[in-house]
Ligand code: SAH
Ligand code: SF4
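In the working numbering, the protein residues as written are 82 to 473.
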């Protein structure tokens, strides 16, 4: 790939605080927390919370000092009880094509990677993680080979967006010039096994007096946790992406073992019932291209049949191999043949060589204890880049 450079910057370590981070609280919880801490009387809580909200989520402040319309006394109380600190940025990479990556450490051993991909969606998409590791064991996914370390909190999910906005210098009202327009939950972890934190984070990120990324530009990707789909739609109004990868239960049982619990027909019924789907709000189906496994023209036809009647987009994701995997990526010609069947049925189904792949590979040169986790996050975000490609 021409013209890609790697600019690796190590930032001095910030010290994440043990105090509760206000950035992870919804408006209502923020007001309640202020009262509980004795910082604000109950009758002033809502007004104070709204005031703090703008400083935290509109201006992006990382300390209480800069809150010029808050009394010194209250600022001191807030300082003693709460935090607005960002996580430690362990590594930051920028490529000339505009892709940016951050390795964030929330606590010892609690590290995730977040990637900003320009020219995806309306302006650029941020791929965020919802868990460290994953409890599911999709056989083609490296995260699936690792035990779950833990769920991320709402504050830790919001922090990924805050770090990106710090770096893009995008606090305040960027208006039409904003570079961060979309969020995709396609990093590490299964978002529907952490729905409370994901839903709170989406409430916070989408708030019109804060980061203000519309719910229609927030996509949650799931391997198919059927009982949580309706709750996801009702609580978040987020766009839905489904990691399908196979068109029959025998194969999907193997690739996405959660399918044994929630087979394809149940998944399809739950998708049809997803609140708010329409031609303007289509479901994205992700389909990883595995050589000789799921990539025949017959499977492309089966995919078209399966999706009949569902407002859908399809993303073909070239498989990103990892050490020890039994799978390889389908040949390019095979992927094109597969895509041609979808195209004939009216699906745009873009395939692309993920941009920034060179830097994603280059960062494999970084060494640390958590290298395995990071390598996995890289693969996930490379997939997310491909998957996020036709989000609008
Ligand atoms: N757990 C959620 C979201 C994170 S995975 C889910 O499974 O949907 C984001 C996307 O990357 C999913 O579609 C996942 O199937 C895909 N993926 C995982 N490992 C991959 C790999 N090695 N190559 C290509 N895509 C991969
Ligand atoms: Fe977990 Fe998604 Fe990977 Fe499956 S593909 S193991 S659900 S992160």
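Think of the CB as a built atom: it goes at the ideal place given N, C-alpha and C, for glycine as much as any other residue.
All values reported here derive from a predicted model rather than from experimental measurement.
Cutting at 6 angstroms between CB atoms, please list the residues of its own chain near residue i, excluding the five before and the five after it.
i           : result
residue 334 : 340 and 341
residue 376 : 370, 411, 415 and 419
residue 366 : 323, 325, 393 and 395
residue 145 : 156, 159 and 160
residue 344 : 330
Quick one: is residue i buried, meaning 16 or more other Cβ sit within 10 Å of its Cβ, or exposed?
i           : result
residue 260 : buried
residue 205 : buried
residue 128 : exposed
residue 413 : exposed
residue 254 : exposed
residue 123 : exposed
residue 346 : exposed
residue 381 : buried
residue 192 : buried
residue 186 : buried
residue 308 : exposed
residue 189 : exposed
residue 246 : buried
residue 268 : buried
residue 379 : exposed
residue 373 : exposed
residue 130 : buried
residue 181 : buried
residue 359 : exposed
residue 407 : exposed
residue 404 : exposed
residue 157 : exposed
residue 394 : buried
residue 319 : buried
residue 327 : buried
residue 284 : buried
residue 75  : No answer is possible for residue 75: it lies beyond the span of the chain, which begins at 82 and ends at 473.
residue 351 : buried
residue 476 : Not covered by the structure: residue 476. The range shown for the chain is 82 to 473.
Just to confirm my understanding: we take residue i, look at its own chain, exclude 5 residues before and 5 after, and list those with CB closer than 7 angstroms. What are they?
i           : result
residue 106 : 114
residue 397 : 368, 370, 416, 419, 420, 430 and 432
residue 132 : 150 and 151
residue 282 : 235, 238 and 239
residue 251 : 259, 260 and 261
residue 363 : 392, 393 and 394
residue 108 : 130 and 134
residue 291 : 134, 138, 139 and 285
Is residue i helix, strand or coil when you go by DSSP?
i           : result
residue 101 : coil
residue 147 : coil
residue 269 : coil
residue 371 : strand
residue 432 : coil
residue 242 : helix
residue 366 : strand
residue 137 : helix
residue 259 : coil
residue 442 : Note on residue 442: pLDDT 29, under 50, position unreliable in the model; no value is reported.
residue 232 : strand
residue 264 : strand
residue 450 : Here the model assigns residue 450 a pLDDT of 36, short of 50, so the residue's position is not dependable, and the following value carries that caveat. Reduced to three states, the DSSP call for residue 450 is coil.
Could you pull out every residue in the same chain whose Cβ sits closer than 8 angstroms to the Cβ of residue i, ignoring the five residues on either side in sequence?
i           : result
residue 349 : 387 and 391
residue 385 : 422, 423, 426 and 428
residue 353 : 390 and 391
Taking only beta-carbon atoms, is residue i less than 8 angstroms away from chain C?
i           : result
residue 329 : No chain C appears in the structure shown, which is made up of a single protein chain.
Exercise. Kindly provide the ranges of any beta strand (DSSP E) runs that are 3 or more residues long and lie completely inside the stretch 282–349, ordered along the chain.
Key: Those beta strand (DSSP E) runs which fall completely within the stretch 282–349 and span 3+ residues are 299–303 and 320–324.
Quiz item: With a cut-off of 8 angstroms, do at least 3 Cβ pairs link the stretch 298–310 to the stretch 229–239?
Solution: Too few Cβ pairs lie closer than 8 angstroms, so no.
Quiz item: Can at least three beta-carbon pairs, one atom from the stretch 111–126 and one from the stretch 173–180, be found at a separation below 8 angstroms?
Solution: Too few Cβ pairs lie closer than 8 angstroms, so no.
Exercise. Identify every run of the beta strand (DSSP E) within the stretch 158–223, keeping only runs that are complete inside it and at least 3 residues long; order them along the chain.
Key: Qualifying beta strand (DSSP E) stretches, in chain order: 169–176, 181–188, 191–199 and 205–208.
Practice problem: Check whether the stretch 308–324 touches the stretch 268–280, taking contact to mean three or more Cβ pairs, one atom from each stretch, closer than 8 angstroms. | Solution: A contact exists between the stretch 308–324 and the stretch 268–280.
Quiz item: Considering only residues of the stretch 370–416, which uninterrupted alpha helix (DSSP H) runs meet the minimum length of 4 residues and lie entirely inside it, listed in chain order?
Solution: List check, alpha helix (DSSP H) in window: 378–387.
Quiz item: Would the stretch 194–212 and the stretch 224–234 be scored as touching if the rule is three or more Cβ pairs under 8 angstroms?
Solution: They touch, by the three-pair rule.
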